[in-house]
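Peer 1: One structure is given below, represented as structure tokens, and several questions about it will come after.
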Amino acid sequence: MLSLRDIQARFVAGLHGDANALDGVIAEGAFSAAERLNIYRNNYSVSFTEALAAVYPVVKRLVGDGFFRYLAARFLVGHPSRSGNIHEFGAELAAFVTDDPALAELPYLTDVARLEWSWHLALHAMDAGVASVEHIAAIEPSLHEQLRFQLHPSVSLHQSTHPIALIWEANQPDEDGAADLGAGGENVVVARVSGQVRVMRLPAADFAMLRAMADGATVADACAAAVRLDDEVDLAQALLAFLANELVTAIEAPGE
């Protein structure tokens, strides 16, 4: 007699195309085992295709409905859900589309997919408090250069050679999809601000400063990273913008 684990393994194999996986396991009736499994397989495929489309609506629009269904079917075979939480499904799509020769004419698609996955993660990221100017003011001024900023769990940073924020904006539901693909690269921050996920562009120097902070740099080192790109950058204004946009959740002073 097959163990429950063996039956489950065969069922998964059947879902992914092994027509004979459940022979002798499912009793024949009005429908054969293969027919019953096919009904379930179709529902399974439709459900996960819809889940993928919900996370990647811009990717779907860029490639078209028909190709997206084809893409989703192939993706599901190689990257089936490994979690009971459907929100965790689809993380590998950016890497998956990178390797598809049929998408070579859309070189920006990988970065757009990464942006959309980050939007999805930001939406579901855990809540956290936000730091403010008052928190900095309460710390001894001589320590300010050695402060470290902890970014909000919803924050992700994207540096692309393509105008990914522009493409994303142009493909929102009420937009016509027209975007200047030659507009150049963008530095983009995705974060949940006051309960709403936002896609924000940053100047190169500001982005370098924020990335350094995300990597654990002190304020002094993060500012130095910004100045290396633009010696006229307004460091105070950049810092105030980070705080105003709720990107910082905690401020750590030396010794803490």
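Just so you know, the sequence shown maps onto residues 1 to 256 in our numbering.
Glycine included, each C-beta is placed from N, C-alpha and C at the ideal position.
#1: Whole angstroms is fine: what's the gap from D221's alpha carbon to L235's?
#2: Expressed to the nearest angstrom, what Euclidean distance is found between the alpha-carbon atoms of G78 and V227?
#3: Count the CB pairs spanning the stretch 116-125 and the stretch 189-199 that are closer than 8 Å, and state whether there are at least three.
#4: Which residue from L239, N42 and E35 puts its Cα closest to that of Q150?
#5: Going by beta carbon distance, what residues of the same chain come within less than 7 Å of A113, once the five residues before and after it are set aside?
#6: Could you tell me which residues DSSP pairs with V63 in its beta bridges?
#7: Within the stretch 185-216, note down every full beta strand (DSSP E) run reaching 3 residues or more, in order along the chain.
#8: Please name the residue, chosen from V233, A104, F242 and G182, that lies closest to S156 on a Cα-to-Cα basis.
#9: First and last residue of the beta strand (DSSP E) that includes A250?
#10: What's the call for A208, buried or exposed, on a 16-neighbour Cβ count within 10 Å?
#11: Measuring straight from C-alpha to C-alpha, what distance separates F11 and Y44?
#12: Cβ of V219 within 7 Å of Cβ of L147?
Peer 2: Well, looking at it:
#1: Residue mapping note: residue 221 aligns to position 221 of the sequence shown, counting from 1. Residue mapping note: residue 235 aligns to position 235 of the sequence shown, counting from 1. Take the alpha-carbon of D221 and the one of L235: they are about 12 Å apart.
#2: Start at 1 with the first residue of the sequence shown, and residue 78 comes out as number 78. Start at 1 with the first residue of the sequence shown, and residue 227 comes out as number 227. Roughly 44 Å between the two C-alpha positions.
#3: Inter-segment contact for the stretch 116-125 and the stretch 189-199 is present: three or more beta-carbon pairs are separated by less than 8 Å.
#4: Translated into positions along the sequence shown, residue 150 becomes position 150. Minimum Cα distance to Q150 is reached at L239.
#5: Working through the sequence shown from its first residue, we reach residue 113 at position 113. Closer than 7 Å at the Cβ level, and outside the excluded window around A113, lie Y56, V59, L93, A94 and V97.
#6: By 1-based counting over the sequence shown, the position of residue 63 is 63. Paired residue(s): none; V63 is not in a bridge.
#7: Listed in chain order, they are 186-193 and 196-201.
#8: Counting from 1 along the sequence shown, the entry for residue 156 is found at position 156. Answer by Cα proximity: F242.
#9: For this step, residue 250 is matched to residue 250 along the sequence shown. Unbroken beta strand (DSSP E) run through A250: V248 to E252.
#10: Taking the first residue of the sequence shown as 1, we reach residue 208 at position 208. Per the 10 Å Cβ criterion, buried.
#11: The count along the sequence shown starts at 1 and reaches residue 11 at position 11. The count along the sequence shown starts at 1 and reaches residue 44 at position 44. Taking the straight line joining both Cα atoms gives about 12 Å.
#12: Within the sequence shown, the letter at position 219 stands for residue 219. Within the sequence shown, the letter at position 147 stands for residue 147. Yes, Cβ-Cβ distance for V219 and L147 is below 7 Å.
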